[in-house]
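So the sequence lines, in the order shown, correspond to chains X and E. Be aware that the first sequence starts at 3, since it is given in this note's numbering, and climbs by one per residue. Be aware that the second sequence starts at -19, since it is given in this note's numbering, and climbs by one per residue. In this text, a Cβ means the ideal position worked out from N, Cα and C, and glycines have one as well. Computed from a prediction, not measured in an experiment: that's the story for all the values here. Report on the following structure.
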Amino acid sequence: MGNLTRHTSPAFNWFMQRITAIILAIGLLVHFYVLHFAIERPITFEKVQERLLTPGWVLFDLILLASAVYHGLFGLFNVICDYNPGETFRKIIGWFFFIVGVVLLIYGIMALLPFTQRGGV
Amino acid sequence: MDMKKPGMIREWYLNFNWGMLAFVFHRISGLALVFYIFLHIYSIGHSLGGGNEFDRMMQSYNTPLGHVIEYFLLLAVLWHLFNGLRITITDFLRFSHQQRRLIFWVFIICGILAIGSLFRFIPALKVLIGGI
Chain X
3 MGNLTRHTSP AFNWFMQRIT AIILAIGLLV HFYVLHFAIE RPITFEKVQE
53 RLLTPGWVLF DLILLASAVY HGLFGLFNVI CDYNPGETFR KIIGWFFFIV
103 GVVLLIYGIM ALLPFTQRGG V
Chain E
-19 MDMKKPGMIR EWYLNFNWGM LAFVFHRISG LALVFYIFLH IYSIGHSLGG
31 GNEFDRMMQS YNTPLGHVIE YFLLLAVLWH LFNGLRITIT DFLRFSHQQR
81 RLIFWVFIIC GILAIGSLFR FIPALKVLIG GI
């Protein structure tokens, strides 16, 4: 029988998955409202910028971005763990997703910046 | 004794019930949504090429097919969101005894919001119905 003890408890991941779920539940309802009901199609740079010139909305989008990237990648990690991969594979995938998450987060923040300044970048 | 578990997909129909249906929808929508995060950040990233580049990217999704795909995105988000709330409520508020009943509320809330958003997301349907 393999070693059943783990150095890190999955309880923290479970808890963070629930916390980000609550943030995303509220945030995505607002996100869908502001982008699909409050404005008319097509979505344009100008329409998005109008909202993102307010710092509060930038903070809202940043929190949504971070929560979505964390929740999505950890969710995918949990799906893979459901198939009982070996400890080594689990570690490699975990670190791989961590790096992918950091890259997504950085690129996402960069993508938001042009909207936050008048005239764009 | 054969300890081999049935494959996850086989388990879906070997042990089928409302809870399993909720789980299957949650998993499929979850996988679709994590794929969408990549597409979404990639698309929004066109802002780095300037406002016109961003508008061109957004306009490319503004087609009847794009609207239908966006509507399926909404369906995935709605299910994952409200079923996720059911799971969170069950975990945090000790709702294990009532969680099964909550599945039907998830269906009802998602159904109402999905039907209510239909014409908003796929305006072509209005023309279709108006044409009859």
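Counting along the chain, where does the alpha helix (DSSP H) carrying residue i start and finish?
i       : result
E/Asn63 : Pro44 to Phe72
X/Tyr72 : Pro57 to Cys83
X/His38 : Pro12 to His38
Beta-carbon of residue i versus every beta-carbon of chain A: anything under 8 Å?
i       : result
E/Gln79 : Protein chains in the displayed structure are X and E, and chain A is not among them.
Do residue i and residue j have their CB atoms nearer than 8 Å?
i        : j         : result
E/Trp85  : E/Ser9    : no
X/Phe47  : E/Ser27   : yes
X/Ala27  : E/Leu73   : no
X/Ala113 : E/Ile21   : yes
X/Asn15  : X/Phe91   : no
E/Arg80  : E/Trp(-8) : no
Just how far apart, CA to CA, sit residue i and residue j?
i         : j          : result
E/Leu55   : X/Leu55    : 30 Å
X/Trp97   : E/Pro103   : 44 Å
E/Ser76   : X/Val105   : 38 Å
X/Ile65   : X/Gly74    : 14 Å
X/Met3    : X/Pro44    : Residue placement at X/Met3 cannot be trusted, given a pLDDT of 43 that sits under 50; what the coordinates show is reported in the next sentence. Cα to Cα, X/Met3 sits roughly 58 Å from X/Pro44.
E/His6    : E/Ile88    : 16 Å
X/Phe62   : E/Glu50    : 22 Å
E/Thr68   : E/Leu61    : 10 Å
X/Ile25   : E/Ser97    : 22 Å
E/Phe(-4) : E/Arg(-10) : 10 Å
E/Val4    : E/Val57    : 14 Å
X/Pro12   : X/Thr22    : 15 Å
X/Phe39   : E/Arg100   : 8 Å
E/Gly31   : X/Arg53    : 15 Å
Listed from N- to C-terminal order along the chain, which residues in the segment 96 to 122 of chain X have their beta-carbon within a distance smaller than 7 Å of any beta-carbon of chain E?
Leu106, Tyr109, Gly110, Met112, Ala113, Pro116, Phe117 and Gly122
Going along the chain, which residues of the segment 82 to 94 of chain X sit with their C-beta nearer than 9 Å to a C-beta in chain E?
Asp84, Tyr85 and Asn86
Residues of the segment 36 to 54 of chain X with Cβ closer than 9 Å to any Cβ of chain E, in chain order
His38, Phe39, Arg43, Pro44, Ile45, Thr46, Phe47, Glu48, Val50 and Gln51
If the cut-off is 8 Å on Cβ atoms, which residues from the segment 81 to 94 of chain E count as contacting chain X, listed in chain order?
none
For the segment 55 to 70 of chain X, which residues have a beta carbon sitting closer than 7 Å to at least one beta carbon of chain E?
Ala70
Under 8 Å, CB to CB, which of the residues in the segment 8 to 25 of chain E have a partner in chain X?
Gly10, Leu11, Leu13, Val14, Ile17, Phe18, Ile21, Ile24 and Gly25
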